[in-house]
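For any residue, its number in the numbering used here is found by taking its place in the sequence shown, counting from 1, and adding 32. Data block below; observations after.
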Amino acid sequence: MNARAAKPVGTVTRGTTNPNRLRRMDRWIAATHGAALRRADDPVAVDLGYGAAPWTAVELLQRLRTAAPRARVVGVEIDPARVAAAKPYERDGLRFRHGGFEIPLPVRPTLIRAANVLRQYEEAEVAAVWARLCARLAPADAGSRGGLLVEGTCDEIGRRHVWIALGPEGPRTATFATRLGSLDRPSDLAERLPKALIHHNVPGEPVHAFLRDFDRAWASAAPYASYGARQRWIRAVRDLTADWPVVDGVTRWRQGEVTVRWEALAPGA
Numbered sequence: 033m034n035a036r037a038a039k040p041v042g043t044v045t046r047g048t049t050n051p052n053r054l055r056r057m058d059r060w061i062a063a064t065h066g067a068a069l070r071r072a073d074d075p076v077a078v079d080l081g082y083g084a085a086p087w088t089a090v091e092l093l094q095r096l097r098t099a100a101p102r103a104r105v106v107g108v109e110i111d112p113a114r115v116a117a118a119k120p121y122e123r124d125g126l127r128f129r130h131g132g133f134e135i136p137l138p139v140r141p142t143l144i145r146a147a148n149v150l151r152q153y154e155e156a157e158v159a160a161v162w163a164r165l166c167a168r169l170a171p172a173d174a175g176s177r178g179g180l181l182v183e184g185t186c187d188e189i190g191r192r193h194v195w196i197a198l199g200p201e202g203p204r205t206a207t208f209a210t211r212l213g214s215l216d217r218p219s220d221l222a223e224r225l226p227k228a229l230i231h232h233n234v235p236g237e238p239v240h241a242f243l244r245d246f247d248r249a250w251a252s253a254a255p256y257a258s259y260g261a262r263q264r265w266i267r268a269v270r271d272l273t274a275d276w277p278v279v280d281g282v283t284r285w286r287q288g289e290v291t292v293r294w295e296a297l298a299p300g301a
């Protein structure tokens, strides 16, 4: 069956969207996956479930092209009315298409971004959706780890965000990102955990232990608050690295981010 004719898989989301909502995720993608997009023969990125307005797809193209000038973005929505409303915003490198988790493209994308899409699903459904989307990614080869799926959740104006990065082989990392001036303690990010983690923020689960240790490191770093929230965050994350497999460095920490290997946070790990 032609991918373009396939019946869309999934359900219609609420469609809530705001300009600049996904800036933290976009900047992380451009920084960490930009090289893979530059190397790709056809660097296609999918904004899956972009919502009632096309702003996030428009912004994704702009941000990716700072790192990969040949990048193209396809916004995919399961609601045909939203696709029709987005069509006037098409331009060079930006298209909109009706579809769902089957990703109705003739090529396998280098990036799929699914922000605030799985929040309405049951946790038991997440693994199957991940597997379906990862199977559509560009495969790994001698010069690449393959495409990237970024799935996560943020608040309405993008101040707090948690996302999981997956490759064709499955989950790789989890990233916690925030506007530092809005943060009382790192565990404030718990309300934005993706569906795969949010119900596991309970004693005995790895993600709960991580946020507990993060809060303790944040409290210990209180003297650095006189230098600003950024310096306090950097100190707290540096302390976390003693017990948790943090995979990024100060350049990303300064952005109010920290990325941890998935296997350390996976439920039941």
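Beta carbons are placed, not taken as given, at the ideal position from N, Cα and C, and that holds for glycine. Here the structure is a predicted model, which is why all the values come from computation and not from measurement.
Among the bridge pairs identified by DSSP, S219 is matched with none.
Here the C-alpha atom of A147 lies approximately 27 Å from the C-alpha atom of L272. Taken through DSSP and simplified to helix, strand or coil, G178 comes out as coil. A straight line joining the alpha-carbon of R192 with that of A172 spans about 31 Å.
Annotated as distal: P238 and L150, with beta-carbon spacing of 8 Å or more.
Collapsing the DSSP output to three states places H232 in coil. In this chain, R224 is not harboured by any beta strand (DSSP E), its DSSP state being neither H nor E. Around A268, the same chain offers A249, W250, A253 as residues with beta carbons nearer than 6 Å, after the five sequence neighbours per side are excluded. At the C-beta level, L143 and I196 stay beyond 8 Å of one another. Contact between the stretch 98-113 and the stretch 230-245 is absent, with fewer than three C-beta pairs closer than 8 Å.
Here DSSP, grouped into helix, strand and coil, assigns D245 to helix. Contiguous alpha helix (DSSP H) elements confined to the stretch 115-177 occur at 155-168, taking only those with 4 or more residues.
Rounded to the nearest angstrom, the Cβ distance from R55 to G190 is 6 Å, consistent with a contact under 8 Å.
Under the Cβ criterion (8 Å, minimum of three pairs), the stretch 117-125 does not count as touching the stretch 153-163.
Under the DSSP definition of a beta bridge, G184 partners with A147, W195. Note: E289 is bridge-paired with A209 in the DSSP secondary-structure output.
Between the C-alpha atoms of P203 and E295 there is a straight-line separation of about 8 Å. With a threshold of 16 other beta carbon atoms within 10 Å, T210 meets it and is buried.
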